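S.K.: Handing you a structure now.
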């Protein structure tokens, strides 16, 4: 049996409409269609024949369907039959199916041929005709019909055609080479019959290529969760029928990734017919051995021998090998199946008792592999069994911590194998703990195991299961309160963003557990990680102090990532060199398959000291390992941290791509907390690009979510977007207001994000006439040692000092800031300092202004900072340098009154206040401003200051932007 696998008519392929010819939208079958077209093109001179041979479900029937339609469109008559097993003993059943539409034409034949065909059609009494008579009658009929127009004869599933029809068709096919008749047939690989005897030209129909398979799945089943899509593509292995049928057997929650997929995917009726029939024909001992192999993903002959014992032996695999169902590697004895769904078919055909027996046999054979043995024992269990539950419990936690089941893929050392092991560890540990709970006879043990499963579910993207698992666990005197509270804290934080409630729970958990923790103590370790997340996003000192208290219960070496993160956020100026050295050593000490909970605290610390770029390959590797079914709760912040780093280094397109991937995962798995953190970053990204409206919208949405929940860091990031947007528009009054809400003037914070906004506050203060305030802020920042945190912050604080300096000092301070080591690695801040220096030089009529302004413009254009690029462009025009893009504001001509209005509006006065000063109505002021905007090449009041600065060439013509004296 085969299947259609066409795409919808609306689909676009490579930006071009799909070919409208029948079958043109069959995925990955262009070469086969072209071959059949060539057969049809030659039908006027002589005929042709072709056998399509391939595995079940690979698309043979779809190709025959397409051929039938294309042949009919070309003016050919199409005759068709399909072999069916239950008609295989009925004489001439296939000929009846194919030729019955020609019964009227048969009336025109000679009498003896007509009588034979009438008996085949069941239109006349008498015995079935003998093969020679039937064959010559069929040949005569086809010869007469082909005179009218060319013929296409199609036979699907040829091995199932009845013998009488097969004989007649064979007779005809060998004698039509000179007639306008084309014969197409299809057969499964490995089957005998007429197709083998005729020795027709064969076209092997293999599985779809990876890209075609992905296209077919995406068109038929859009919106699958990434992990589900990956699993389906792997299980289908390019089989079009499987790609269409497997998703249909899943629930909507399974397709969205919210519920886990079963170990063996359910097979539809069509898939069972396609894959089970070959298994059903095998001897019972062979099926028993195949079941053992199918239930053991890493099956090999050694394991089969141990598991089979006296019931069957490896020699019983021979029939399956002859049927091409399995392959045995001669080197290591590893057993592989022809297709992944052959394994599923073998398992589904077995009875529950047969499956349990096979699991018991495998458990006995895998005594040296505790995790795999435990899983097989659990699958064989029919009721509570503490020994099995304990083994499964220990195996689940060992696999989760280590990330690799013993023996499973252990012989592979490449990155793909590590990735698979980590994915298996993350997804399997929760399921194993749940199963261990089910098998626990003691309610206390059951409760503990379900709490552990609930905690891991918060990490593995199964948030919707957490409350159910916790409810099922109940609470007994021996319940793991630490993990119970940690799981609940994760749920409160990730789902609703309630960090205050999470903090209170964690504080209570630590009060309940005052013992010194071991390095693998789940209670304390779970609390530690949950508390770190709460601390990172609350500006209050209490969570950090609680984290410090919790860390004191561990051996210092066991909590190195947490200690470094604490130092990077709470006390980054005390010993910054030691902090950076500690990060280098900690990253270097990570194993190749480092667990994400080991890596994420280090990544947060690295971002805080602007050092993540040195280690981002490790974070990216972890993301690749975990994104499909692994530790999703850590993949999302990892993507956010890489996004943060990319923004800092001017790779803004990359940053937004990473952010979008994180958002997609957060939305699919319900991690609303991380979704808001990423949206806050994207708000700042929009501001950096100069998209003021988008920045304000994103900022407002995030602020409205974060403020009532007390998530101060998120709120600060959202407000930063507003001050960055204001700076881009030259609205420094607004920028000063917004920065003050992030980091108050005169009290620069070494915290997050305060350490990065020193330059922003100082520039806003200077531009709004608050020079003393700006200089005091610079002095306070230096006294606090903020510049020692990182090279980036050293450049920021140096640039701020230059902006705030007097005329006699500014020049050498700008030069010092721009010449700091690694300064150019941070293009946004570097270019802003260049712009400020260029502006200062232009006002001093120094020819070096052009060089610095040009460099700033080039950087802003390169990274996509459109608003700042326009400001640099305007400054360059004011020096007499023509630029290729942007409005020609430098050549704008304003009347005296328009200039007065513009100058007053740029200081922040309202239309009414301007009107009072110039003795005009506020409507007249508004009308003047409306006419000025096109002249200046701007669209809003906020851009007036920059436009007026660009119009003034310097010296006596410099426009004053100070508010007029009242």
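Residue numbers (my numbering): 224 to 1189.
We put the CB at the ideal spot given by N, CA and C, even for glycine.
No experiment lies behind these values; they were computed from the predicted model shown.
1) Kindly indicate which residue of 539, 579, 496 has the alpha-carbon position closest to the one of residue 564.
2) Under the three-state reduction of DSSP, which class applies to residue 454: helix, strand or coil?
3) Could you tell me which uninterrupted beta strand (DSSP E) segments, each at least 3 residues in length, are contained entirely in the region 249 to 311, listed from first to last along the chain?
4) Could you give the residue range of the beta strand (DSSP E) that holds residue 399?
5) Just grab the DSSP bridge partners of residue 411 for me.
6) Quick one: what does DSSP say residue 313 is sitting in, helix, strand or coil?
7) Within 10 Å of its beta-carbon, does residue 283 have 16 or more other beta-carbons around it, so buried, or fewer, so exposed?
8) Cutting at 7 angstroms between CB atoms, please list the residues of its own chain near residue 943, excluding the five before and the five after it.
9) Just to check my reading of the structure: residue 1000 and residue 969 have Cβ atoms closer than 8 angstroms, yes? What is that Cβ distance to the nearest angstrom?
10) With DSSP collapsed to three states, give me the class of residue 482.
11) Specify, as a first and last residue, the run of the alpha helix (DSSP H) that residue 995 falls within.
12) Can you tell me whether residue 711 is buried or exposed, with buried defined as 16 or more other CB within 10 angstroms of its CB?
13) Can you tell me whether residue 462 is buried or exposed? The criterion is at least 16 other CB atoms within 10 Å of its CB, across all chains shown.
14) Would you mind sorting residue 560 into buried or exposed? The rule is 16 or more other CB atoms within 10 Å of its CB.
15) Report the three-state DSSP secondary structure of residue 778 (helix, strand or coil).
16) Sort out for me which residues DSSP pairs residue 523 with in a bridge.
17) Who are residue 376's beta bridge partners in DSSP?
18) For residue 1013, does the count of other Cβ atoms within 10 angstroms reach 16, so buried, or fall short, so exposed?
19) Please classify residue 1164: does DSSP put it in a helix, a strand, or coil?
20) Does the Cβ-Cβ distance between residue 989 and residue 1097 come in under 9 angstroms?
21) Looking only at C-alpha atoms, which of 1018, 1005, 946 sits nearest to residue 173?
22) Measure how close the beta-carbons of residue 1056 and residue 1041 come, nearest whole angstrom, since I'm counting them as under 8 angstroms.
23) Return the bridge partner residues of residue 989 from the DSSP annotation.
24) When DSSP labels each residue in this structure, what does residue 504 get in the three-state scheme?
25) Could you give the distance in angstroms between the alpha-carbon of residue 389 and the alpha-carbon of residue 515?
26) With residue 1248 as the anchor, note down where its beta strand (DSSP E) starts and where it stops.
27) Could you give the distance in angstroms between the alpha-carbon of residue 856 and the alpha-carbon of residue 883?
28) How would you call residue 654, buried or exposed, if buried means at least 16 neighbouring beta carbons within 10 angstroms?
29) Based on the DSSP output, what are the partners of residue 959 in its beta bridges?
30) Quick one: what's got a C-beta closer than 6 angstroms to residue 674's C-beta in the same chain, skipping five residues either side?
31) Would you call the CB atoms of residue 280 and residue 493 closer than 9 angstroms?
32) Only counting the same chain, and skipping five residues up and downstream in sequence, which positions put a Cβ closer than 8 angstroms to that of residue 835?
33) Check the Cβ-Cβ distances between residue 1165 and every residue of chain C, and say whether any is below 9 angstroms.
34) Along the chain, where does the alpha helix (DSSP H) containing residue 1026 start, and where does it finish?
35) Residue 599 by DSSP, collapsed to three states: which one?
36) Determine, using beta carbons only, whether residue 680 and residue 692 come nearer to each other than 9 angstroms.
M.R.: Quick look at the numbers:
1) 496
2) Residue 454: helix per DSSP, three-state reduction.
3) 271 to 277, 300 to 305
4) Run containing residue 399: none; DSSP gives neither H nor E here.
5) Paired residue(s): 277.
6) The three-state reading of DSSP puts residue 313 in coil, since its state is none of H, G, I, E or B.
7) buried
8) Same-chain partners within the cutoff: 907, 965, 976, 980.
9) 6 angstroms
10) coil
11) 994 to 1007
12) buried
13) Under this definition residue 462 is a buried residue.
14) buried
15) coil
16) 557
17) 302, 406
18) buried
19) helix
20) no
21) Lying before the first or after the last residue shown, residue 173 is absent from the chain, which here runs from 224 to 1189.
22) Yes, residue 1056 and residue 1041 are in contact; Cβ-Cβ is about 6 angstroms, under 8 angstroms.
23) Answer by DSSP bridge pairing: none, since residue 989 is not bridged.
24) coil
25) 39 angstroms
26) Outside the displayed span of the chain (224 to 1189) sits residue 1248, for which this structure offers no information.
27) Rounded to whole angstroms, the separation of the alpha carbons of residue 883 and residue 856 is 16 angstroms.
28) buried
29) In the DSSP output, where bridge partners are listed per residue, residue 959 has none listed.
30) Excluding sequence positions up to five before and after residue 674, its CB lies within less than 6 angstroms of the CB of 696, 703, 706, 707, all in the same chain and listed in chain order.
31) yes
32) Cβ-Cβ distances below 8 angstroms link residue 835 to 826, 829, 842, 864, 865, 867, 868 in the same chain, with the five nearest sequence neighbours on each side left out; the list follows chain order.
33) Absence of chain C from the displayed structure is noted, only one protein chain being present.
34) 1014 to 1027
35) DSSP places residue 599 in helix when its eight states are reduced to three.
36) With contacts defined as CB atoms closer than 9 angstroms, residue 680 and residue 692 qualify as a contacting pair.
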